[in-house]
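Chains as they are written, first to last, in my numbering: chain A, 157 to 522; chain B, 617 to 780.
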Amino acid sequence: MTAQKSLVISLYFALAFAIFPLFTVAQEQEQEHKSLQEAGEEFNATEMIMHHIGDAHEWHFFGGGENSVTLPLPVILYTEGGLVTFMSSEFHHDTEGQHVVEKDGMRFVNLHEDIYRLDAGAEAVEFDAEHHPVNASKPWDLSITKNVAAMFLTVILMLLFFTSLARHHKKNEHAPKGFNNVLETLVLFVRDEIALPQIGEKKYMKFMPFLLSVFFFIWITNLMGLLPGAANVTGNIAVTVSLGLFTMLIMIFNGNKDFYKHTFWMPGIPTWVKPILAIVEGLGLLIKPAALMIRLFANITAGHIIILSLIGLIFILENAGIAGVSVPFALFITVLELLVAFLQAFIFTILSALFIGMAVEEHEHH
Amino acid sequence: MDLITPEIGLFFWQTIVFLVLLFLMAKFAWKPILSSVRNREQSINDALASAENARKEMQNLKSDNEQLMKEARAERDAILKEARELKEKVIADASEEAKVKADKIVADAKRSIELEKQSAMAELKNHVAELSVEIAEKIVRKELSGKNEQHQMIEKMIGDAKLN
């Protein structure tokens with residue numbers, strides 16, 4: 157009876173996620189169409205795609221230009237003159253460096269989602285031949301961007317979901333029902349299929365919080381990234397660099413003597429090979445997490461680019477009939493992305509567990 | 617190149633957010649969930665083990681019961697057998713005794729009959745003798761009127777007496 161109920165819930169979720177892309181497609185079609193008419197300029201697919209997969213200082217829902225409906229987010233800048241904060245709405249949806257915001261005696265513009273501070277005395281941005289601003293510099297930008305806001309949302313969701321499960325566990329001895337049961341099954345999946353086989357019975361508990369957090373963070377963020385108007389968080393290299401660094405630091409700080417001996421002075425091989433292997437293995441310490449970082453970033457970004465390209469095809473060929481082909485294809489890719497969302501979270505977590513497992517493994521002495 | 621150039625701001629926030637997430641989740645979710653799941657698994661294992669024990673105990677009890685039943689049945693059989701033997705013995709003894717008694721009674725009866733007969737015979741003899749004497753007296757008185765007749769009489773009588 158419970159298993160059946162969980163299945164129904166899972167199916168419901170699958171269905172919900174399968175339907176959402178339809179909205180995405182419809183919405184984006186409309187959006188592009190409008191901006192096309194309004195702008196009256198040639199459709200630039202690369203610009204559209206980069207805009208959609210990139211980060212932004214405001215959360216854009218629909219509409220174009222001055223009529224955009226967006227959620228303004230705080231801009232936090234660290235300049236020589238100290239910390240400057242204002243809401244992104246002060247740019248009036250401008251990303252071309254036209255609208256100058258004056259704050260604390262400093263002037264700022266938003267140029268393709270990079271905030272520039274105009275040099276003292278400058279009234280407007282001036283560009284060189286390659287369209288680089290010549291009279292402005294970038295301050296440290298610590299803004300709560302769209303990606304950061306989406307990240308917060310994931311954190312809030314995770315806290316809601318899992319503290320609810322934890323509350324159930326504090327009160328009851330028996331297994332939970334419904335959605336909590338799904339969550340518990342996933343937690344046990346991470347424990348039994350990822351942590352236990354890779355790290356081993358003795359040491360896995362120490363790394364469970366990291367593995368569980370990283371697995372659910374990536375998975376939920378991936379899924380939310382597939383929603384219409386959502387942020388492409390895990391497809392941003394800054395995010396995956398941070399996650400990869402976590403794995404690397406855990407690996408390096410938990411590596412035991414045996415691990416470092418096998419890395420920098422491999423026993424059982426001729427001495428002259430040892431330094432060569434030390435270089436290779438030493439680089440491996442960096443390359444392993446770097447591969448994690450690139451894999452997650454590339455997979456998620458690629459998925460988004462494919463979907464956006466298929467939709468963009470309609471506007472490149474300027475023929476609504478193409479939608480008949482590209483929309484089903486985009487739907488197919490989106491459903492595939494649902495699988496990729498789980499798969500990438502799984503791969504990131506299992507490889508992290510594998511690297512950690514290698515670092516803490518106790519070798520039999522040969 | 618924008619795509620593969622990490623932005624410091626986002627990197628900073630991701631690191632902070634993930635650290636906070638890790639801390640909060642570890643404290644408020646993962647630890648309670650994992651420990652409770654482990655406790656539950658432990659209790660399930662314990663329950664299974666105790667069920668197995670109970671099953672074994674039941675089996676033991678059952679075999680004990682069977683043993684007891686068997687013993688009881690054997691005892692019952694033994695008692696029955698003994699009773700039957702006793703019964704037969706009692707019957708046999710009784711009939712033996714009865715026979716002895718009957719024989720004794722018969723023998724006593726025979727003896728008393730014999731005695732009665734003997735005494736009857738003796739009486740009869742006495743009677744006959746008396747009768748004979750009376751008869752003889754009468755005859756003698758009548759016969760012994762002549763001498764010849766007396767002799768004849770005596771001889772005849774002696775002869776009869778010898779035959780007797």
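Cβ atoms here follow ideal geometry from the backbone N, Cα and C, with glycine treated the same way.
Less than 6 Å between C-beta atoms, sequence neighbours within five positions excluded: which residues of the same chain meet that for residue i?
i, result
"N328/A", "none"
"L466/A", "S482, F485 and A486"
"E246/A", "V257"
"L178/A", "Caution applies to L178/A, whose pLDDT of 46 falls short of 50 and renders its modelled position unreliable; the value that the coordinates give is listed next. Cβ neighbours of L178/A beyond the five flanking positions: none."
"L619/B", "none"
"N594/B", "Here chain B has residues from 617 to 780 only, and residue 594/B is not among them."
"M449/A", "T396, V397 and G400"
Output needed for residue i: all residues of its chain with C-beta closer than 7 Å, excluding positions within five of it in sequence on either side, in chain order.
i, result
"A497/A", "W375, N378, L379 and L382"
"I209/A", "N388, G391, T457, H460 and I461"
"A182/A", "The predicted model places A182/A with a pLDDT of 45, which falls under 50 and marks its position as unreliable; any figure quoted below should be read in that light. The answer is none, since no qualifying residue turns up."
"T180/A", "For T180/A, the predicted structure reports a pLDDT of 46, less than 50, and the residue's modelled location is therefore unreliable. The matter cannot be settled from this model."
"E347/A", "It is Arg, not Glu, that sits at residue 347/A in the sequence shown. Cβ neighbours of R347/A beyond the five flanking positions: M364."
"K359/A", "V516"
"T310/A", "F373, I376, T377 and M380"
"E493/A", "L382 and G459"
"I512/A", "I355, F363, I406, M407 and N410"
"H248/A", "E222 and H255"
"D211/A", "E269, T301, K302, N303 and N392"
"L367/A", "V346, I350, A351, T505, S508 and A509"
In the DSSP assignment, find the unbroken alpha helix (DSSP H) run with residue i in it and report its ends.
i, result
"P431/A", "K430 to I472"
"N336/A", "G334 to F345"
"G513/A", "A479 to V516"
"E203/A", "A201 to I209"
"K327/A", "K302 to K327"
"Q354/A", "L352 to I355"
"A523/A", "Here chain A covers residues 157 to 522 and nothing more, so residue 523/A does not appear."
"G625/B", "I624 to M641"
"P365/A", "Y360 to G381"
"K294/A", "Where K294/A is concerned, there is no enclosing alpha helix (DSSP H), given that its DSSP letter is neither H nor E."
"T419/A", "K413 to F420"
Find the nearest neighbour of residue i within the set the options, judged by alpha-carbon distance.
i, options, result
"K444/A", "A509/A, F372/A and I463/A", "A509/A"
"R656/B", "I350/A, D348/A and A331/A", "A331/A"
"F345/A", "L321/A, F371/A, E357/A and H324/A", "F371/A"
"R451/A", "L315/A, Q500/A, L321/A and I489/A", "Q500/A"
"L321/A", "E203/A, A446/A and L342/A", "L342/A"
"P289/A", "M204/A, A305/A, V304/A and H268/A", "H268/A"
"N223/A", "G237/A, D250/A, E203/A and F242/A", "D250/A"
"G221/A", "H255/A, A447/A and L507/A", "H255/A"
"T301/A", "F471/A, F502/A and F242/A", "F242/A"
"P228/A", "A305/A, A276/A, H324/A and E286/A", "A305/A"
"K98/A", "T319/A, L233/A and N337/A", "No statement about residue 98/A is possible, as the shown extent of chain A runs from 157 to 522 and does not include it."
"L441/A", "A212/A, W296/A, H324/A and N410/A", "N410/A"
"G238/A", "D297/A, D284/A, T202/A and F217/A", "D297/A"
"T505/A", "L473/A, I470/A, M404/A and L469/A", "M404/A"
"S748/B", "A736/B, D776/B and I695/B", "D776/B"
Taking the beta strand (DSSP E) that residue i belongs to, which residues open and close that run?
i, result
"K271/A", "Strictly speaking, residue 271/A in this sequence is Ile, with Lys absent from that position. Per DSSP, I271/A belongs to the beta strand (DSSP E) from D270 to L274."
"N223/A", "Careful: N223/A lies outside any beta strand (DSSP E) and carries neither H nor E."
"W215/A", "E214 to F218"
"V240/A", "G238 to M243"
"I100/A", "Here chain A covers residues 157 to 522 and nothing more, so residue 100/A does not appear."
"K259/A", "V257 to K259"
"V265/A", "M262 to L267"
Rounded to whole angstroms, how far is the Cβ of residue i from the Cβ of residue j, which I believe are closer than 8 Å?
i, j, result
"V281/A", "N291/A", "7 Å"
"W629/B", "M307/A", "7 Å"
"D260/A", "V240/A", "5 Å"
"H325/A", "I649/B", "5 Å"
"T319/A", "F634/B", "No, T319/A and F634/B are not in contact; Cβ-Cβ is about 18 Å, not under 8 Å."
"A386/A", "E623/B", "Contact doesn't hold; Cβ gap of about 18 Å is too wide."
"I432/A", "I463/A", "Going by Cβ atoms, the distance from I432/A to I463/A rounds to 45 Å, so no, they are not a contact pair."
Note down, in chain order, each residue of its chain lying with its Cβ closer than 8 Å to the Cβ of residue i, except the 5 sequence neighbours on either side.
i, result
"L352/A", "Y360"
"E340/A", "L321, A331 and P332"
"R273/A", "L233, T235, M262, R263, F264, A292, S293, K294 and P295"
"H418/A", "E437 and H519"
"Q768/B", "none"
"G468/A", "E188, F199, A201, M204 and I205"
"H213/A", "L229, V231, S244, F247, N266, E269, I271, S299, T301 and K302"
Legend entry - Contact list for the stretch 681 to 710 of chain B against chain A, Cβ threshold 7 Å: none
Legend entry - chain B contacts from the stretch 385 to 414 of chain A (Cβ-Cβ distance under 8 Å): N392, I393, A394, V395, V397, S398, L399, L401 and F402
Legend entry - chain B contacts made by the stretch 280 to 313 of chain A, where a contact means CB separation under 9 Å: W296, D297, L298, S299, I300, T301, N303, V304, M307, F308, T310 and V311
Inset, instruction - With 8 Å as the C-beta to C-beta threshold (strictly closer), list the residues of the stretch 659 to 678 of chain B near chain A in chain order. - result: S659
Inset, instruction - Output, in sequence order along the chain, the residues in the stretch 323 to 337 of chain A whose CB is closer than 9 Å to any CB in chain B. - result: R323, H324, H325, K326, N328, E329, H330 and A331
Legend entry - Interface positions of the stretch 356 to 382 of chain A facing chain B (Cβ-Cβ less than 7 Å), listed along the chain: M364, P365, F366, L368, S369 and F373
Legend entry - Residues of the stretch 198 to 232 of chain A whose Cβ lies closer than 9 Å to any Cβ of chain B, in chain order: M206, I209, G210, D211 and I232
Inset, instruction - Closer than 8 Å, Cβ to Cβ, to anything on chain B: give me those residues from the stretch 340 to 351 of chain A, in chain order. - result: E340, V343, L344 and R347
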